[in-house]
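Read the structure below first, then the notes.
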Amino acid sequence: MAGPKAHEWIADMAPYVPGKAKVDGVSNPVKLSSNECVYGASPKALKAFEASVGDLLRYPEADSAQLRRAIGDVYGLDVDRIVCGAGSDDILTLLIHSYAGPGDEVIYSQYGFMVYPVQTKAVGATGIAVPNKNWGADIDGILDAVTNKTKLVFIDNPNNPTGAYLPWSEIERLHAGLPDSVLLVLDAAYAECVTAADYKAGEDLVERANNVIMTRTFSKMYALAGLRVGWAYATPGVIDILNRVRMPFNVCLPGQPAAIAAVKDTDHLAASVAFNKEWRDALTAGLSALGLDVVESQTNFVLVGFPTDGPFDAASANTHLMKNGYIVRALPSLPHHLRISIGTAEQNRAVIALLTEFMNGSPE
2 MAGPKAHEWI ADMAPYVPGK AKVDGVSNPV KLSSNECVYG ASPKALKAFE ASVGDLLRYP
62 EADSAQLRRA IGDVYGLDVD RIVCGAGSDD ILTLLIHSYA GPGDEVIYSQ YGFMVYPVQT
122 KAVGATGIAV PNKNWGADID GILDAVTNKT KLVFIDNPNN PTGAYLPWSE IERLHAGLPD
182 SVLLVLDAAY AECVTAADYK AGEDLVERAN NVIMTRTFSK MYALAGLRVG WAYATPGVID
242 ILNRVRMPFN VCLPGQPAAI AAVKDTDHLA ASVAFNKEWR DALTAGLSAL GLDVVESQTN
302 FVLVGFPTDG PFDAASANTH LMKNGYIVRA LPSLPHHLRI SIGTAEQNRA VIALLTEFMN
362 GSPE
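Following this line, the structure appears as structure tokens:
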């Protein structure tokens, strides 16, 4: 007897695959596959988290009002234009489910965050993957791809998995070329990592336009990935739609006070950013010196290109790293590259040493 039938377009979907966390035969591997912030969360955030334990029988604040107020105070934003979610990917998913469906098109970069194509497929819409340019989004390619069926354009800036970014002038140019009917989603998950002077996450464009939303997260440089807290800044009309479709109590009770303390601890964030830049630069220099093609990054990871043939390819390098207890990210869409998250000082030195051994040795 046939059971319930889901939408036919879901049956052949490829689910999102997270970064590997285990290695056969290695009891305590070093995980550098998910772009987690090894500098760690603010001690004030940890204290706030611990203080919430006694209230776990209670539902969290349904509209995250105190968290929204803290974000607004720190970033100088209108609290009524902020919505919070269970990580920014929760908000990205809600946007696709709210604005796209069968017969619609959603545009994103070929090398971009995998939530975009997965959720586009989930609603029966058509995903349009535009090839990247210099590892970042190709603005001209995206504008050329826009049709009367386009509902959303996603720009992860900086880009995951490449680490590249677009200067603000390019984002302005993209928006100027889009119809008002198309929602521009500025996915700024890695905004806090950026040290480039010509970068903006998108707050001011949100305040000037009616078709732009900026999404952010506490999972990266705030180091609260396990609590799943994200937020977005948008026009009141878009915020109203998100508040209608999001789940009630969507940010967990301990996540709210922890995120409030984290966003207020600007000194800890600044120290984390400085540490990240120091070791991002060191990894880039160390691996480039081996003849590897390291994409210039503004995130908390580096994308490393290996020879396309011969014994020193990416798959062999990945095997060598895993054999020695180091897990990095092998990407099916970029088979000649490995994405390596910034680790502790000791871990970063070990990655350089292991890949130096690999490139100078005779891989199995």
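The numbering used here applies: residue 2 is where the sequence shown begins, and numbers increase by one.
Ideal Cβ positions, reconstructed from N, Cα and C, are used throughout, including at glycine.
Just so we're clear, the structure is a prediction, and the values are computed from it rather than from any experiment.
Note down, in chain order, each residue of its chain lying with its Cβ closer than 6 Å to the Cβ of residue i, except the 5 sequence neighbours on either side.
i: G41; result: A224
i: Y117; result: Y109, F155
i: V39; result: G344, T345
i: A130; result: Q111
i: N349; result: W280, L284
i: G287; result: I353
i: M14; result: K122
Under 8 Å Cβ to Cβ from residue i, same chain only, skipping five residues before and after it: list those, please.
i: D91; result: R229, G231, R247, N251
i: R174; result: I140
i: G73; result: D79, V80, I83
i: A71; result: A260, I261, V264, K265
i: A126; result: I97, A101, G102, P103, G104, D105, E106, V107, K152
Evaluate residue i with the Cβ neighbour count: other Cβ atoms within 10 Å of its Cβ, from every protein chain shown; 16 or more gives buried, anything less gives exposed.
i: S170; result: exposed
i: V54; result: exposed
i: L95; result: buried
i: E365; result: With a pLDDT of 49 at E365, under the threshold of 50, the predicted position of this residue should be treated as unreliable, though the coordinate-derived value follows. Its Cβ having fewer than 16 others within 10 Å, E365 is exposed.
i: A202; result: buried
i: G292; result: exposed
i: G86; result: buried
i: Q67; result: exposed
i: A235; result: buried
i: K6; result: exposed
i: E347; result: exposed
i: G362; result: exposed
i: P336; result: exposed
i: P30; result: buried
i: D241; result: exposed
i: S28; result: exposed
i: P1; result: What is shown of the chain runs 2 to 365, which leaves residue 1 out entirely.
i: E51; result: exposed
What residue range does the alpha helix (DSSP H) around residue i cover?
i: H269; result: 267 to 289
i: E1; result: What the structure shows of the chain is the stretch from 2 to 365, and residue 1 is not part of that stretch, so it cannot be assessed.
i: D91; result: 89 to 100
i: T357; result: 346 to 361
Would you say residue i reaches chain B, if we count a Cβ-Cβ gap shorter than 7 Å as a contact?
i: Y112; result: You won't find chain B in this structure, because it holds only one protein chain.
Tell me which same chain residues have a C-beta within less than 7 Å of the C-beta of residue i, skipping the five on either side of it?
i: T308; result: First, the amino acid is wrong: residue 308 is Pro here, not Thr. Closer than 7 Å at the Cβ level, and outside the excluded window around P308, lie D314.
i: V124; result: I97, H98, A101, G102
i: G4; result: none
i: N319; result: V329, A331, L339
i: I11; result: A123
Along the beta strand (DSSP E) that carries residue i, what are the first and last residues, could you check?
i: T127; result: 127 to 131
i: R69; result: Looking at the DSSP string, R69 is not in any beta strand (DSSP E); the run it does join, the alpha helix (DSSP H), is 66 to 76.
i: S298; result: No beta strand (DSSP E) contains S298, which DSSP labels as neither H nor E.
i: L184; result: 184 to 188
i: W10; result: Counting along the chain, W10 falls outside any beta strand (DSSP E), and DSSP gives it neither H nor E.
i: E106; result: 106 to 110
Write down the C-beta distance between residue i and residue j rounded to the nearest angstrom, noting that I regard them as a contact closer than 8 Å.
i: S342; j: N36; result: 5 Å
i: G113; j: N160; result: 6 Å
i: S65; j: T216; result: Incorrect: roughly 15 Å between the Cβ atoms, too far for contact.
i: G137; j: Y166; result: 6 Å
i: V213; j: L187; result: 7 Å
i: V119; j: P16; result: 7 Å
i: H176; j: L206; result: 6 Å
Check whether the stretch 43 to 63 and the stretch 253 to 264 are in contact - that is, three or more C-beta pairs closer than 8 Å. The answer is yes - the stretch 253 to 264 touches the stretch 43 to 63, with three or more Cβ pairs under 8 Å.
contact_flag[the stretch 181 to 188, the stretch 283 to 299] where n(CB pairs < 8 Å) is 3 or more: Cβ pair count under 8 Å is below three, so no.
Taking contact to mean 3 or more Cβ pairs, one atom from each stretch, closer than 8 Å, check whether the stretch 188 to 195 and the stretch 299 to 315 are in contact. Contact check between the stretch 188 to 195 and the stretch 299 to 315: three or more CB pairs, one atom from each, fall below 8 Å, which counts as touching.
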